[in-house]
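Participant: I have a structure here, written as structure tokens, and I will follow up with some questions on it.
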Amino acid sequence: MKSIINLKNKNSFVKIEKGELISFKRENKEYIHQKGNKGWRNSDDEMFPVIGPTVKNNYRVHTKNGIAILDQHGLLRELDYTLVSSNENSANFIKKYSKNTAIKNSKFPVKSNEENLFWPFDFSFEKNFKLENNVLKIEFIINSKKGMPFMLGYHPAFLLSNTGNEILESNETKITLKDVFKAGSNAFPILGTDKVTLKNIDKNDLEITTKGFNNFMLWTEVDNMLCIEPITQYTSHTDQKFSEENMSLSQGVNFFL
Numbered sequence: 002m003k004s005i006i007n008l009k010n011k012n013s014f015v016k017i018e019k020g021e022l023i024s025f026k027r028e029n030k031e032y033i034h035q036k037g038n039k040g041w042r043n044s045d046d047e048m049f050p051v052i053g054p055t056v057k058n059n060y061r062v063h064t065k066n067g068i069a070i071l072d073q074h075g076l077l078r079e080l081d082y083t084l085v086s087s088n089e090n091s092a093n094f095i096k097k098y099s100k101n102t103a104i105k106n107s108k109f110p111v112k113s114n115e116e117n118l119f120w121p122f123d124f125s126f127e128k129n130f131k132l133e134n135n136v137l138k139i140e141f142i143i144n145s146k147k148g149m150p151f152m153l154g155y156h157p158a159f160l161l162s163n164t165g166n167e168i169l170e171s172n173e174t175k176i177t178l179k180d181v182f183k184a185g186s187n188a189f190p191i192l193g194t195d196k197v198t199l200k201n202i203d204k205n206d207l208e209i210t211t212k213g214f215n216n217f218m219l220w221t222e223v224d225n226m227l228c229i230e231p232i233t234q235y236t237s238h239t240d241q242k243f244s245e246e247n248m249s250l251s252q253g254v255n256f257f258l
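Take any residue in the sequence shown, note its place counting from 1, add 1, and you have its number in this note's numbering.
Structural data, given as structure tokens:
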């Protein structure tokens, strides 16, 4: 697979590395957090088939197909994308998983007690990028057996101006970086909405709209980046158990944007 895929049109430029969005520039202004800068080691990632710290459940998730062992945010991020196709304006990637296959846990042994992870369902996970009229669309398609339980979260990090004065707006509510700092590792929830707007002092406003998620959470520990994460479920403010009773159920094919 080509290491770097570039998408471009008249005013916008996108760079993708092995399925990870590492740059989105419009009129030569960067909107994506850059690897190597303080804050987070990645620029985007996915959370699947669970969201949140499974240590509360001793890393166990209860399903109709038996107990799974999953670390924080699931096991999808431990798999590699395969490039399906690309051109000047689009790129399509896929990950495939066979049920009960042991996957090495990159958090072990420093941050986790579980050396290997597994999930008792087959699935494929597609991530499709399309640059259209200076708007970047990212589509996720999950193929699995109907009834498979899951949660899905997209975890992009956006570059800030280092002023601490950025404001995020949603449904006429304003959220500041101080609000996000205060939420800490639980992340700041924005529930029941499909749109948020980041007002960044040295750039045009960044609008994020979604389909299928209906929730967001915000996380950062620094003033130079902010993770604005579309999620299907917010797990940090409850004592819910990690079981399929608290998850979405697959329709066989599920689409998110």
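From the three backbone atoms N, C-alpha and C, an ideal C-beta is built for every residue, glycine too.
As the structure is a prediction and not an experimental result, all values here were calculated from the model.
1. Could you pull out every unbroken beta strand (DSSP E) segment of at least 3 residues lying fully inside the stretch 201-235, listed in chain order?
2. What residues match up with VAL15 in a beta bridge as DSSP calls it?
3. Run through DSSP, which three-state label would ASN255 get?
4. May I have the straight-line CA-CA distance separating ASP203 from SER162, to the nearest angstrom?
5. What would DSSP say about VAL56, mapped onto helix, strand or coil?
6. For GLU127, which residues from the same chain have a beta carbon less than 6 Å from its beta carbon, with the 5 sequence-adjacent residues on both sides left out?
7. For the pair the stretch 44-54 and the stretch 142-162, tell me if three or more CB-CB distances fall below 8 Å.
8. Going by DSSP, what residue range makes up the alpha helix (DSSP H) through VAL181?
9. Please confirm whether LEU160 and VAL15 have their CB atoms less than 9 Å apart.
10. Does LEU80 come out as helix, strand or coil in the three-state DSSP assignment?
11. Report the option in LYS100, ILE139, LYS138 whose CA atom is closest to the CA atom of PHE122.
12. Determine contact between the stretch 68-85 and the stretch 166-182, defined as no fewer than three beta-carbon pairs at a distance below 8 Å.
13. Name the DSSP beta bridge partners of THR64, please?
14. Suppose you measure from the CA of LYS39 to the CA of THR221; what does that come to, to the nearest Å?
15. Determine whether the Cβ of SER251 lies closer than 9 Å to any Cβ atom of chain D.
16. Which class does ASN187 belong to by DSSP, given the choice of helix, strand or coil?
17. Are the stretch 84-98 and the stretch 108-117 in contact at 8 Å, needing three or more beta carbon pairs?
18. Based on DSSP bridge pairs, tell me the residues matched to GLU245.
19. For MET152 versus VAL85, is the C-beta spacing smaller than 9 Å?
20. Throw me the rounded Cβ distance for the VAL197 and ILE209 pair, which I believe falls under 8 Å.
21. According to DSSP, simplified to helix, strand and coil, what is GLY37?
22. Would DSSP call GLY75 helix, strand or coil?
23. Can you grab the Cα-Cα spacing for the pair THR102 / ASN12, in whole Å?
24. So if DSSP puts GLY154 in a beta bridge, which residue, or which two residues, is it bridged to?
25. Would you report the Cα separation of TYR235 and ASN216, rounded to the nearest angstrom?
Facilitator: Reading it off the structure:
1. 207-210, 216-220, 226-232
2. One-based indexing of the sequence shown puts residue 15 at position 14. Answer by DSSP bridge pairing, in chain order: LEU8, PHE25.
3. On the sequence shown, residue 255 is found 254 positions in, with the first residue counted as 1. Looking at ASN255 - three-state DSSP - the assignment turns out to be strand.
4. Position 202 of the sequence shown holds residue 203. Position 161 of the sequence shown holds residue 162. About 7 Å.
5. As a position in the sequence shown, residue 56 is number 55, starting the count at 1. The answer is helix: DSSP assigns VAL56 an H, G or I state.
6. One-based indexing of the sequence shown puts residue 127 at position 126. Counting only Cβ-Cβ distances below 6 Å, and skipping sequence neighbours, we find ILE95, ILE142.
7. yes
8. As a first step, residue 181 is located in the sequence shown; it is residue number 180 there, counting from the start. Counting along the chain, the alpha helix (DSSP H) containing VAL181 begins and ends at 178-184.
9. Within the sequence shown, residue 160 is the residue found at index 159, counting from 1. Within the sequence shown, residue 15 is the residue found at index 14, counting from 1. No. Outside cutoff.
10. Residue numbering aside, residue 80 sits at position 79 when the sequence shown is read from its first letter. Looking at LEU80 - three-state DSSP - the assignment turns out to be coil, as it is neither helix nor strand.
11. Translated into the one-based positions of the sequence shown, residue 122 becomes position 121. When C-alpha distances from PHE122 are compared across LYS100, ILE139, LYS138, the shortest belongs to LYS100.
12. no
13. What you label residue 64 is simply residue 63 of the sequence shown in a count that begins at 1. For THR64, which the question treats as bridged, DSSP gives the partners GLY67.
14. Here residue 39 corresponds to residue number 38 of the sequence shown, with the count starting at 1. Here residue 221 corresponds to residue number 220 of the sequence shown, with the count starting at 1. Rounded to the nearest angstrom, the two C-alpha atoms are 10 Å apart.
15. Protein chain content of the structure displayed is limited to a single chain, and chain D is not contained in it.
16. Reading the sequence shown from its first residue, position 186 is the one you call residue 187. Three-state result, ASN187: helix.
17. no
18. In the sequence shown, the residue the question calls residue 245 occupies position 244. Its beta-bridge partners do not exist; DSSP assigns none.
19. In the sequence shown, residue 152 corresponds to position 151, counting from 1. In the sequence shown, residue 85 corresponds to position 84, counting from 1. Cβ atoms of MET152 and VAL85: not closer than 9 Å.
20. Along the sequence shown, read from residue 1 onward, the residue named residue 197 stands at position 196. Along the sequence shown, read from residue 1 onward, the residue named residue 209 stands at position 208. Contact flag correct, Cβ pair sits at about 5 Å.
21. For the purposes of this step, residue 37 is taken as residue 36 along the sequence shown, with counting starting at 1. It is coil, neither helix nor strand.
22. For the purposes of this step, residue 75 is identified with residue 74 of the sequence shown, where counting begins at 1. Strand at GLY75.
23. The sequence position of residue 102 within the sequence shown is 101, counting from 1. The sequence position of residue 12 within the sequence shown is 11, counting from 1. Spanning the two alpha carbons is a distance of roughly 44 Å.
24. Counted from its first residue, the sequence shown places residue 154 at position 153. Per the DSSP secondary-structure output, GLY154 pairs in a beta bridge with MET48, ILE232.
25. By 1-based counting over the sequence shown, the position of residue 235 is 234. By 1-based counting over the sequence shown, the position of residue 216 is 215. Whole-angstrom Cα-Cα distance: 8 Å.
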